[in-house]
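For reference, the structure is listed below as structure tokens.
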Amino acid sequence: MQDAVLTSPVAFAQKVRKPVLGQINGMQAALSFGGVNVEAQNSRILGICDVSCLDRFGLKGPKAAEWLQTSGMKLPATANSWVLQDSGSLLMRLGNTEFLLEDSLENDLARMFSNKALDGGGIHKVIRSDAAFIVSGERTAALFSEVCAIDLDNGMLGDNRLVMTVIAGVSATIIKQTLKGQPVYRIWCDGTFGPYLWKTLLGIMEEHGGGPVGFNFYYTLN
Amino acid sequence: MTHRIAKKRGEWINRDKPLTFEYEGQMVQGYEGDTISSALWANGIKVLGRSFKYHRARGILSFANHDVNALMTDGEDTNIRADVWPVADNSKLQAVNTKGGVYKDKNKFIDHLSPFLPVGFYYKTFYKPKKMFPFWENKIRKAAGLGMVNFNYPRITKPKLHAFCDVLVVGAGASGLSAALAAAAEGLKVILVDENRHAGGSLSYDYAGDQSATDTLNSLISAVEADSNIRLITDAYAGGYYSDHLVPIVGKGGITKVRAKTVIVATGVFEQPPVFRYNDLPGVMLGSAAQRLVHRYAVKPFEKGIIVTANDHGYRTALDLVSVGVEVVAVIDMRRDGAPQELSQKVKDKGIPVHKGSCIYEAVPAKDKLSIREVVVCPYDETTAEADTGLSVRLKCDGIAMSAGWAPAAALLYQAGTKMVYSYDIEQFVPEILPEGVFAAGKVNGIFNLKSRLQDGRRAAAEAINYLGKAVEVEAVVQPAIARHSHPYPIVNHPKGKNFVDFDEDIQVKDFINAAKEGFDNIELMKRFTTVGMGPSQGKHSNMNAIRILARIRQLPVEKVGSTTARPFFHPTPIGHLGGRGFHPHRYTAMHQWHVENGGEMMEAGIWMRPAYYVPVGSRLTASEAVQQESGAVREKVGMIDGSTLGKIEVFGPDAGIFLERFYTGKFADQKVGGSRIAMLLDEAGVMVDDGVAVRMAQDQFYVSTNSSNAATVYREMQRNVQLWKMQVTLVNLTGAMAAMTVAGPSSRTLVAALTDIDVSAPAMPDGAFRTGKVAGIDARVMRVSFVADLAFEIHVPYQTGLHVWKALMEKGQSLGIRPFGTDAQRLLRLEMGHHLISHDTDGLTNPFEAHSESLVAMDKPFFIGQRSLKIIAKKQLNKKLTTFVLDKGFNSELPKECNLVIDSANNITGRVTSISYSRHLDRYIGFAFVPPEQSTAGARFQIRTDSGAMITATACKAPFFHLLENRGE
Chain A
1 MQDAVLTSPV AFAQKVRKPV LGQINGMQAA LSFGGVNVEA QNSRILGICD VSCLDRFGLK
61 GPKAAEWLQT SGMKLPATAN SWVLQDSGSL LMRLGNTEFL LEDSLENDLA RMFSNKALDG
121 GGIHKVIRSD AAFIVSGERT AALFSEVCAI DLDNGMLGDN RLVMTVIAGV SATIIKQTLK
181 GQPVYRIWCD GTFGPYLWKT LLGIMEEHGG GPVGFNFYYT LN
Chain B
223 MTHRIAKKRG EWINRDKPLT FEYEGQMVQG YEGDTISSAL WANGIKVLGR SFKYHRARGI
283 LSFANHDVNA LMTDGEDTNI RADVWPVADN SKLQAVNTKG GVYKDKNKFI DHLSPFLPVG
343 FYYKTFYKPK KMFPFWENKI RKAAGLGMVN FNYPRITKPK LHAFCDVLVV GAGASGLSAA
403 LAAAAEGLKV ILVDENRHAG GSLSYDYAGD QSATDTLNSL ISAVEADSNI RLITDAYAGG
463 YYSDHLVPIV GKGGITKVRA KTVIVATGVF EQPPVFRYND LPGVMLGSAA QRLVHRYAVK
523 PFEKGIIVTA NDHGYRTALD LVSVGVEVVA VIDMRRDGAP QELSQKVKDK GIPVHKGSCI
583 YEAVPAKDKL SIREVVVCPY DETTAEADTG LSVRLKCDGI AMSAGWAPAA ALLYQAGTKM
643 VYSYDIEQFV PEILPEGVFA AGKVNGIFNL KSRLQDGRRA AAEAINYLGK AVEVEAVVQP
703 AIARHSHPYP IVNHPKGKNF VDFDEDIQVK DFINAAKEGF DNIELMKRFT TVGMGPSQGK
763 HSNMNAIRIL ARIRQLPVEK VGSTTARPFF HPTPIGHLGG RGFHPHRYTA MHQWHVENGG
823 EMMEAGIWMR PAYYVPVGSR LTASEAVQQE SGAVREKVGM IDGSTLGKIE VFGPDAGIFL
883 ERFYTGKFAD QKVGGSRIAM LLDEAGVMVD DGVAVRMAQD QFYVSTNSSN AATVYREMQR
943 NVQLWKMQVT LVNLTGAMAA MTVAGPSSRT LVAALTDIDV SAPAMPDGAF RTGKVAGIDA
1003 RVMRVSFVAD LAFEIHVPYQ TGLHVWKALM EKGQSLGIRP FGTDAQRLLR LEMGHHLISH
1063 DTDGLTNPFE AHSESLVAMD KPFFIGQRSL KIIAKKQLNK KLTTFVLDKG FNSELPKECN
1123 LVIDSANNIT GRVTSISYSR HLDRYIGFAF VPPEQSTAGA RFQIRTDSGA MITATACKAP
1183 FFHLLENRGE
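Given below as structure tokens:
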């Protein structure tokens, strides 16, 4: 296999756990960390999965909403909310004039938009290098009670709401979704904080009996 | 177990699980649920500690985690509060603050010296002769303190949790339970917290011989436990109150920060002792302590005891004690009128004599001073606080239960900003004006009757519910008219003293009188001079009596004396809890792993992890050698540094150019696309705060870099000013999204050219030029820079591709002799180039005129941040300038350090060194220094004073320093 050009921001923090690696969207990603049963248990109790390899597209500017709408996107009505596109892509409204689109594995809207020449005329592409995680499990409330000073358990993330807050000292964006029938939290942060956040969250998770989960647990490769 | 009584309804011990532990070398048996103190007391062990100052024997006082008579160590942990800490099987305990054990403490002789050790003694005695102070300080420090700190204590990261609720109820006594239930019934989320192991407050021990109140308690607790809206947290205390109803709850495992929408304070009251001679002997305890021993732990406080009281509570205690077989010799009531007839009669019906208008003049210790033998009872004059010793009688006993009144546990209320008022009806401070969203209920609110407390809890809950936007009826609280609960002056004067007010610090009545005589007659001054309330109890049992004593000394009403400040945490909290598990984020560049694997010595550079230098695997380079080799590679071949930490901000929009003109000191509106300019930022005072490079990528798009540590600050300032100036500008902070690397040195062009489709030849890409194109197949932004070398290329690529591009350059550069270089070499290289670093070579006062940066300031612009200040500064004479300097060739003396001072011939300080380093390339020591302006011109000589005081001569010279090479020594 040719070396991946892209590296997950979390890659070196994961290395010590010797994950099974593979390329997703040109990025070397941790596909699994152990047996399926172990990962299922981690996911059920308290698990973290690095999904930084999903394609993302950022757009900012006074005409950003208009451009996305013209491009056939369903827009979140207000800032700090998200909407799932029919294609499966996730569109988050980070502010009145700022958006983040994330593809699932089956579609490539974000990649398509990224390849367009867009800057100018009130819209500006935003280069994204997020560390992105899925956090799941029945003990998520215990985790968040330690790492987050706001009440994520109180309907704050309901109705497709999005929260920008501080997780373990790092500015992060968080939403609650259902993946594979399981309610999960999605967290995005600046990639340079990714290794720290991975190690910190995983350390606490392991105290609760949880652990890492590979990309394959949530996404099936074609 | 000599003092254990038969199983009691509601007791907290599990008799099916006996436990054994060792105390001071003696094996002791207890039960699961026992505290250390209750188990010891049940075994007849009554010397639980030694006092802080005089090393007097001490037993149970409050038995409520409110005093420090019984502090233990298990060899690992210390200052374990035995009154509340559960017994652990096979543990080994010793009292703290003893030398040779609690019974044979060698320091007990200090008690005999007490007449010579009044408060203030240390302040007045040991400060002279001055040379002797270190000797005395050493002695005093060794003598002071309680438990010894164990520096090998295991590091346990205790989590600091967050919790949220609509209503936080602090205190799970009758009023707290009632409030919680009422709030929960309205669908509100309630957190109910109590410092005791079980909820109930005084409902679990204050029965006056009739335990029917247990039914009330059980029914309340059952209701609370059945209510899913209520989270009951026991064995944890609310340590403080912070803005917006943030209350840290301190439990054994750590702190939970509760953010509540409203707070109901139902914290109750602390029982206050009467003050008489030897009121600290083992066996003398508060009435409520005796009740707790009996009803929670089924332990008799003593066999034959005296009740001394200045309120009705002593009668209730007497009835509780006699109900479990304690012989109550007498009730000594300090009040002339005594208790209401009904209560008094109940006591008399039990065959207990009641002596009204009497006091205990002194307790008489046994010969070994480890217990009480008898008491001297005298008629008492409440007005003068004097006992009539002519009519004294002696009563044999082995214990005293004392009740003189109550002080509100109002620390949280004070911290929340409550205005308290002194109520003469009950002789207690009570809340008068509560802050928004804070409510008080129960005894802390001055409500003592049980039925009234239940009502008051519901009333407070209703007010809290209404505060949250609902509309419920607020119940009226009906209080029966009863005698006051606290005595206005429960003090018995005694010419020989030892009538203790503060048990933590061994402070007697005479200490207050002496303090006042010396002028410390304000409560805050008196606190600091006498140290009353400054011990671990924080005045829970002493502050109220201290206030009463001071009020009497000064002939002032109590409310005029006031109280001291109650700061959080109001109860001693382990440092480990406060530290907890800390979150200290670090940022990692895309190339971090490569640095680690290739010998990078990683260090914290602000929040970033960066390689200071590289020691390749197998080499034995010192740090200095590594830095010189890395610098040499840049000067002679090619080097590469990870510059990802640079701040990177995109500025878009039609007003982008005008915005930068206003934001920075230079001109950008006319800047050509594809070029770069230095962007220097000042603050409003004209002080240099940042410098970077602004690249114009398109007519309406700039890419601006900042110093590594300033990215967030500059971005925030930009955001603020975009709003202020109402400009059509969009900002994007790409600091983390872009990796950056600088390829520098004579071979850098060859290397970059080999991997890019950009024409990087000298004519096509002059210094300062900016181009976009592919580098190693990745979309890149490339800039000609000259910070560390005349020829260098800064390459920016998306973060995820950073490692790929870095590796490609490294691989391709092998044949050119490439070396990675770290931040240490970077500092040397920029020094050789004569570039100062803002915040390193400049300080919080440096303006551009002082740092040779005038050329970066376009004063002819209509506006830029700091311009107004610079106009003023420009009219004044400078008194310092930053200059580059060199030490004499062949210098081999003591090397000046950064911050060593520049000294003039009159020995005045005229400047300081800001940077200094040895350059192997130049074979000279070079640096930056602030000097007087006249010494900043090339060739001027000035003196630097080293740490040892040696004077080193330096010569100001022009930068960059490479002319030193050309001239071979000047």
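Respectively, the protein sequence lines represent chains A and B.
Taking my numbering, I'd label the letters of the first sequence as residues 1 to 222.
Taking my numbering, I'd label the letters of the second sequence as residues 223 to 1192.
No residue lacks a Cβ here, since even glycine has one placed at the ideal position from N, Cα and C.
Please read all numbers here as calculations on a predicted model, not as lab measurements.
Anticipated Cβ contact below 8 Å, residue i with residue j, distance rounded
i, j, result
"residue 960 of chain B", "residue 1020 of chain B", "6 Å"
"residue 17 of chain A", "residue 212 of chain A", "6 Å"
"residue 534 of chain B", "residue 516 of chain B", "Wrong, their Cβ atoms sit about 18 Å apart, outside the cutoff."
"residue 697 of chain B", "residue 680 of chain B", "5 Å"
"residue 503 of chain B", "residue 593 of chain B", "7 Å"
"residue 133 of chain A", "residue 51 of chain A", "7 Å"
"residue 897 of chain B", "residue 992 of chain B", "7 Å"
"residue 1108 of chain B", "residue 1186 of chain B", "7 Å"
Start-to-end residues for the alpha helix (DSSP H) that takes in residue i
i, result
"residue 362 of chain B", "355-365"
"residue 384 of chain B", "Taken as a continuous stretch (DSSP letters only), residue 384 of chain B belongs to no alpha helix (DSSP H), being part of the beta strand (DSSP E) at 382-392."
"residue 569 of chain B", "563-571"
Check: residue i C-beta below 8 Å from any heavy atom of the ligand MN
i, result
"residue 471 of chain B", "The ligand MN is not among the ligands present in this structure, which contains no ligands whatsoever."
Residue span of the beta strand (DSSP E) that contains residue i, given as start and end
i, result
"residue 772 of chain B", "First-last for residue 772 of chain B: 765-776, but that is the alpha helix (DSSP H), not the beta strand (DSSP E)."
"residue 1167 of chain B", "1163-1167"
"residue 124 of chain A", "124-126"
"residue 1146 of chain B", "1146-1153"
"residue 648 of chain B", "No beta strand (DSSP E) holds residue 648 of chain B; DSSP gives it neither H nor E."
"residue 133 of chain A", "130-136"
Candidates the options, of which the one nearest residue i by Cα
i, options, result
"residue 530 of chain B", "B:626, B:999, B:775", "B:626"
"residue 556 of chain B", "B:547, B:544, B:532, B:549", "B:532"
"residue 1128 of chain B", "B:1146, B:389, B:1165, B:1093", "B:1165"
"residue 558 of chain B", "B:606, B:634, B:267, B:246", "B:606"
"residue 1162 of chain B", "B:1153, B:906, B:578", "B:1153"
"residue 318 of chain B", "B:299, B:435, B:522, B:335", "B:299"
"residue 1199 of chain B", "B:554, B:305, B:473", "There is simply no residue 1199 of chain B to check, as chain B begins at 223 and stops at 1192 in what is shown."
"residue 285 of chain B", "B:440, B:442, B:307", "B:307"
"residue 802 of chain B", "B:1135, B:472, B:884", "B:472"
"residue 314 of chain B", "B:1046, B:777, B:819, B:247", "B:247"
"residue 819 of chain B", "B:985, B:1029, B:723", "B:1029"
"residue 188 of chain A", "A:135, A:79, A:217", "A:135"
"residue 513 of chain B", "B:528, B:464, B:540, B:345", "B:540"
Proximity test, Cβ basis, 9 Å: residue i and chain D
i, result
"residue 15 of chain A", "Annotation note: the requested chain D is absent from the structure, which comprises protein chains A and B."
Enumerated in chain order, which unbroken segments of the beta strand (DSSP E) with a length of 3 residues or greater are wholly contained in the stretch 984-1064 of chain B? 992-997, 1000-1007, 1014-1020
Pair every Cβ in the stretch 394-406 of chain B with every Cβ in the stretch 451-468 of chain B, then say whether three or more of these pairs are closer than 8 Å. yes
Could you say if the stretch 711-718 of chain B and the stretch 577-592 of chain B meet the contact criterion of at least three C-beta pairs nearer than 8 Å? yes
For a minimum of 3 consecutive residues, which ranges assigned as the beta strand (DSSP E) are wholly contained in the stretch 258-307 of chain B? 293-295
Report the residue ranges of all alpha helix (DSSP H) runs contained in full by the stretch 801-885 of chain B; include only those spanning at least 4 residues, in chain order. 814-819, 845-858, 878-885
Flag this pair as touching only if the stretch 143-163 of chain A and the stretch 202-216 of chain A have three or more C-beta atom pairs under 8 Å; answer yes or no. yes
Looking at C-beta atoms only, is the number of pairs between the stretch 1092-1101 of chain B and the stretch 934-950 of chain B that lie closer than 8 Å three or more? no
Quick one: complete beta strand (DSSP E) runs, 3+ long, within the stretch 700-788 of chain B? 722-724
Where in the stretch 146-214 of chain A do unbroken runs of the beta strand (DSSP E), each at least 3 residues long, occur, reported from the N-terminal end onward? 163-167, 170-179, 182-190, 211-213
May I ask you to verify whether the stretch 65-73 of chain A touches the stretch 160-178 of chain A, counting CB pairs closer than 8 Å and requiring at least 3? no
Given 8 Å as the limit, is there contact between the stretch 802-814 of chain B and the stretch 775-793 of chain B, that is, 3 or more CB pairs closer than that? no
Counting only runs of 3+ residues fully inside the stretch 1099-1160 of chain B, write out the beta strand (DSSP E) ranges in chain order. 1103-1109, 1123-1125, 1131-1141, 1146-1153
Are the stretch 680-693 of chain B and the stretch 478-495 of chain B touching, with three or more C-beta to C-beta distances below 8 Å? yes
Do the stretch 639-646 of chain B and the stretch 354-374 of chain B meet, that is, are 3 or more Cβ pairs less than 8 Å apart? no
Cβ pair count under 8 Å reaching 3, the stretch 923-935 of chain B against the stretch 866-877 of chain B: yes
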